[in-house]
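Start counting at 1 in the sequence shown, then tack on 15, and there's your number in this note's numbering.
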Amino acid sequence: MNPYFKNLLDLVRLERKVDEELYDQFIRSAPVQQQREAGYAWYPIALRGQDVGRGDYLVVEIERPSHQHIVHNLQSGRKAELFSNAEPNSPAIKGIIQHIQGDRLRMAFRIETLPDWANKGKLGIRALFDDDSYDAMEAALKTAGTPDQTHPLVPILTGKKPPSFDAHIPTRPFPGLNASQNEAVNLIEQAKELAIVHGPPGTGKTTTLVAAIQRLLTKTTKPILVVAPSNIAVDLLCERLSEKQVRVVRIGNPIRVSDDLQALTLDHRVSQHPDFKRIKELKKQASELRNMAHRYKRNFGPAERSQRKALFAEAGRISHDVAYLEDFIIEDELHKAQVIAATPVGTQNFALRDLSFDTVIIDEAGQALEPACWIPILKVNKVVFAGDHLQLPPTVKSEEAARRGLTQTLMEKCVAYYPEATVLLKEQYRMNKIIMGFSSQYFYGNNLLAHDSVAESSIYRGDPPMEFIDTAGCGFEEQLSDTSYVNPEEADFLVKFLTEYLEKIKSRTEKLETLSVGVISPYKHQVELLKQRVTSQRNAIQGANVMVHTIDGFQGQERDIIVIGMVRSNVEGRTGFLNETRRMNVAMTRARKKLVIIGDSATLTQTEFYEDVLEYVRQKGSYRSAWEFASF
16 MNPYFKNLLD
26 LVRLERKVDE
36 ELYDQFIRSA
46 PVQQQREAGY
56 AWYPIALRGQ
66 DVGRGDYLVV
76 EIERPSHQHI
86 VHNLQSGRKA
96 ELFSNAEPNS
106 PAIKGIIQHI
116 QGDRLRMAFR
126 IETLPDWANK
136 GKLGIRALFD
146 DDSYDAMEAA
156 LKTAGTPDQT
166 HPLVPILTGK
176 KPPSFDAHIP
186 TRPFPGLNAS
196 QNEAVNLIEQ
206 AKELAIVHGP
216 PGTGKTTTLV
226 AAIQRLLTKT
236 TKPILVVAPS
246 NIAVDLLCER
256 LSEKQVRVVR
266 IGNPIRVSDD
276 LQALTLDHRV
286 SQHPDFKRIK
296 ELKKQASELR
306 NMAHRYKRNF
316 GPAERSQRKA
326 LFAEAGRISH
336 DVAYLEDFII
346 EDELHKAQVI
356 AATPVGTQNF
366 ALRDLSFDTV
376 IIDEAGQALE
386 PACWIPILKV
396 NKVVFAGDHL
406 QLPPTVKSEE
416 AARRGLTQTL
426 MEKCVAYYPE
436 ATVLLKEQYR
446 MNKIIMGFSS
456 QYFYGNNLLA
466 HDSVAESSIY
476 RGDPPMEFID
486 TAGCGFEEQL
496 SDTSYVNPEE
506 ADFLVKFLTE
516 YLEKIKSRTE
526 KLETLSVGVI
536 SPYKHQVELL
546 KQRVTSQRNA
556 IQGANVMVHT
566 IDGFQGQERD
576 IIVIGMVRSN
586 VEGRTGFLNE
596 TRRMNVAMTR
606 ARKKLVIIGD
616 SATLTQTEFY
626 EDVLEYVRQK
636 GSYRSAWEFA
646 SF
């Protein structure tokens, strides 16, 4: 096996082992209520109906009648189990989630009837460990790494052979795009194998990709494959493409999406197909025949036995007709699609097995595990990476796998290999130019420009857009809580500062309710503490839209005001994973009009990055000491 792919395969297996151990440990130790809060389970549930689906699977319709506000990990295609809390010693029954929409799902089981305990209430659905994703990644790596592999993208994406471009395709402007966005669209069109769109925060990456897809569709009769590592990123592209009248089919059901976006899913398109009415009729016939067969009692004669057998046989024949008709409808819908969208693992869906593609666009490629990217790449001849490898890397749970390089993405490698295949989007439409300035200087070679519409934006006239409030010498010391750090005094100060700042805004502008506020901490226990403090001040900050979360929780989001509490404060100058500067790049680029960083300079400036942050703030005249605030 090719050593490059053998190494990746080893890293994926390390990650799989740790991930499964963490899942099993949680499920064994956590009560069902905690599993529900973590998004692994629906509990309690109600059974709303059952039928026999394709392959003689028992299909059960399930509803979650309460706790609908909890975001969950259940999704179509995922393995799950039905369990009973009324009889916890009874074995759960395993199945596959076929379809999920809102607070209802359909789940298929390879059994004839549900067990008796299903009638006693206290039922729940629990997601099982996601073996399928790891199986798909391992299979793709084995295929790509075979010694006789001739796929044209393998040598290019592993740095062995440079990509090529068609110089005969003229560069053309696309209406409404700026210079660097047009450069990216033209590069994508001219690239034969590889193009990379490096999109820093607020630079219109999604707008650029939509334009590029529209351009590519004028030159191909095949659908374009669009993938991203998160459902949210896939859904955003689907929504934007649909607005441009591009016919999109979304593979896999996004969780908690709008009705308009749900209409793009394959399941919905199948349900609206002219031939779907015939499927419903056939299913009803098969169900009636099975009900007739089940009316026979256990003690019956040869004639009854023969009749029962005939009824089951006829029901089976109709089910086969249903399966054939469903396959026909799916194939028909996919052949009419211009864009097919999914997560990388979602491209393994059985519905795509006979389709061929020329191009895959991998959005948010700076957060996509490389092994996952190879799943769609092996289906195409051309790949477009889009994202920002200078923001958060992929989440990797195995420390060893992370240390050995699993967090390094394929996009990051290809940017280093092939600068000629990379375009940096340079004009950003989110941040005041001073908020933008440090990231532009430190991460993007001072190449970013703030569009006129945002360059001078502020909360009110004279308010500095960026401040660093130094808590050095205030005695705000960090504390270790389990495996996470907290700083109660800093939390108190931050919330007091925010409350007074919002009151000042209200007295000057009277527009507090129109502003969005983000409070960010790098540490989850500090986030919990800050949420408590903010909640206790709700009366004082009434009208403000305040969200408190970790840096990861704010990825892809933006707010008018961002306040970051750095937490770390110790005499040794330890900053832990704050040294991951890409994480801070995310935090500092969420703000539109106001960015406030609160931290201990004596601790932070032991790291060169934070020394540069402080120097930048001093140059802008917006460094302040916490001692300036009365009775902090």
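We treat Cβ as the ideally placed atom computed from N, Cα and C, and that holds for glycine.
These figures come from a predicted structure and were not determined experimentally.
Which listed residue (442, 486, 474, 594) has its alpha carbon closest to that of residue 577: Closest option to residue 577, Cα to Cα, is 474.
Beta-carbon within less than 6 Å of residue 587's beta-carbon, same chain only, minus the 5 sequence neighbours each way: which residues are those?
For residue 587, where only same-chain residues beyond five positions count, there are no Cβ hits under 6 Å.
Query raised in the report: In or out: residue 443 buried (at least 16 other Cβ within 10 Å) or exposed?
Result: It is buried - the Cβ of residue 443 has at least 16 other Cβ atoms within 10 Å.
* For residue 104, the three-state DSSP class (helix, strand or coil) -> Reduced to three states, the DSSP call for residue 104 is coil.
**Item:** Start and end residues, beta strand (DSSP E) containing residue 638
**Value:** Unbroken beta strand (DSSP E) run through residue 638: 638–640.
Please give the ranges of any beta strand (DSSP E) in the stretch 546–614, keeping only runs that are unbroken, at least 3 residues long and fully inside the region. Segments of the beta strand (DSSP E) lying fully in the stretch 546–614: 560–565, 574–580, 606–614.
- prompt: What is the rounded straight-line gap between the Cα of residue 271 and the Cα of residue 354?
  reply: Residue placement at residue 271 cannot be trusted, given a pLDDT of 43 that sits under 50; what the coordinates show is reported in the next sentence. Near 22 Å, if we compare the C-alpha coordinates of residue 354 and residue 271.
N-terminal and C-terminal residue of the alpha helix (DSSP H) that residue 83 is part of
Going by DSSP, residue 83 is part of no alpha helix (DSSP H) at all; its letter is neither H nor E.
**Prompt:** Nearest-angstrom Cα distance between residue 391 and residue 25?
**Reply:** Cα to Cα, the separation comes out at about 20 Å.
Residues of its chain near residue 581, where Cβ-Cβ distance is below 6 Å and the 5 sequence neighbours each way are ignored:
Excluding residues within five positions, the ones whose Cβ falls inside 6 Å are 614.
Take residue 411 and list the residues in its own chain whose beta-carbon comes closer than 7 Å to its own, dropping the five residues that flank it on each side. Sequence-distant partners of residue 411 (beyond 5 residues in either direction) whose C-beta falls short of 7 Å from its own C-beta, in its chain, are 30, 417, 421, 422.
How about residue 618 and residue 584: are their beta carbons less than 7 Å apart? Cβ distance < 7 Å, so residue 618 and residue 584 count as in contact.
Requested in this report: Name, in chain order, the residues that DSSP records as bridge partners for residue 443.
Outcome: Answer is 465, bridged to residue 443.
Should residue 374 be labelled buried (16 or more other beta-carbon atoms within 10 Å of its own) or exposed? So residue 374 counts as buried.
Q: Just tell me which of 357, 279, 196 has its CA closest to the CA of residue 188.
A: Nearest option by C-alpha distance: 196.
message: Just to confirm, is the Cβ distance from residue 401 to residue 212 under 7 Å?
response: Contact flag set, yes.
| said: One question on the structure: do residue 267 and residue 139 come within less than 7 Å of each other, judged by their Cβ atoms? | reply: No.
Would you call residue 151 buried or exposed, if buried means 16 or more other Cβ atoms sit within 10 Å of its Cβ? Residue 151 is buried by the Cβ-count criterion.
Who are the Cβ neighbours of residue 349 in its own chain at under 8 Å, not counting the five residues just before and after it?
If we look at residue 349 and ignore the five residues flanking it on each side, its Cβ neighbours are 238, 264, 281, 355, 366, 367, 370.
- Any 3 or more C-beta pairs closer than 8 Å across the stretch 474–489 and the stretch 512–524: With a cut-off of 8 Å, the stretch 512–524 and the stretch 474–489 count as touching, because enough Cβ pairs lie within range.
Practice problem: Enumerate, from N- to C-terminal direction, the unbroken alpha helix (DSSP H) stretches of 4 or more residues contained entirely within the stretch 243–297. | Solution: Runs found: 246–258, 274–277, 281–286.
Q. Looking only at its own chain, which residues have a Cβ that is under 8 Å from the Cβ of residue 344, when we skip the five neighbours before and after it?
A. By the criterion of a C-beta distance shorter than 8 Å, residue 344 is surrounded in its chain by 285, 288, 290, 291, 294, once the five residues flanking it on both sides are discounted.
May I ask you to report which of helix, strand or coil DSSP gives residue 373?
Correct three-state label for residue 373: coil.
- [ ] Taking only the alpha-carbon atoms, compute the straight-line gap between residue 75 and residue 108 and give it to the nearest angstrom.
- [x] Distance between the alpha carbons of residue 75 and residue 108 is about 12 Å.
Worksheet item: Distance, Cα to Cα, residue 79 vs residue 144?
Response: For residue 79 and residue 144, the distance between alpha carbons rounds to 21 Å.
Open item on the list: Quick check: the Cα distance between residue 269 and residue 21, rounded to an integer number of angstroms?
Closed with: Because residue 269 carries a pLDDT of 48, less than 50, the predicted location of this residue cannot be relied on, and the following value inherits that uncertainty. Inter-residue distance for residue 269 and residue 21 is about 33 Å (C-alpha atoms, whole angstroms).
Worksheet item: For residue 302, does the three-state DSSP call read helix, strand or coil?
Response: Correct three-state label for residue 302: helix.
Backbone CA spacing between residue 155 and residue 552 [nearest angstrom]
Cα-Cα distance, rounded: 52 Å.
Review point. Can you tell which of 136, 134, 137, 110 has the C-alpha that lies nearest to the C-alpha of residue 124?
Key: Looking at 136, 134, 137, 110, the one whose alpha-carbon comes closest to that of residue 124 is 110.
Exercise for the section: Please name the residue or residues paired with residue 141 in a DSSP beta bridge. Expected result: As computed with DSSP, residue 141 is found in a beta bridge with 56, 96.
#### Entry: Residue closest to residue 148, alpha-carbon to alpha-carbon, out of 39, 389, 546, 503
If we check each option's Cα against that of residue 148, 389 comes out closest.
query: For residue 458, which three-state DSSP category applies?
result: The three-state secondary structure of residue 458, taken from DSSP, is coil.
| How long is the line joining the alpha carbons of residue 217 and residue 382, rounded to whole angstroms? | Each residue's CA atom was taken as its position, placing residue 217 and residue 382 some 17 Å apart.
- Item | Of the listed residues 253, 233, 235, nearest to residue 656 (C-alpha basis) | A question about residue 656 goes unanswered here, because the residues of the chain that appear run from 16 up to 647.
- Message: Check for me: the alpha helix (DSSP H) holding residue 40 runs from which residue to which?
- Response: Note, residue 40: alpha helix (DSSP H), 18–44.
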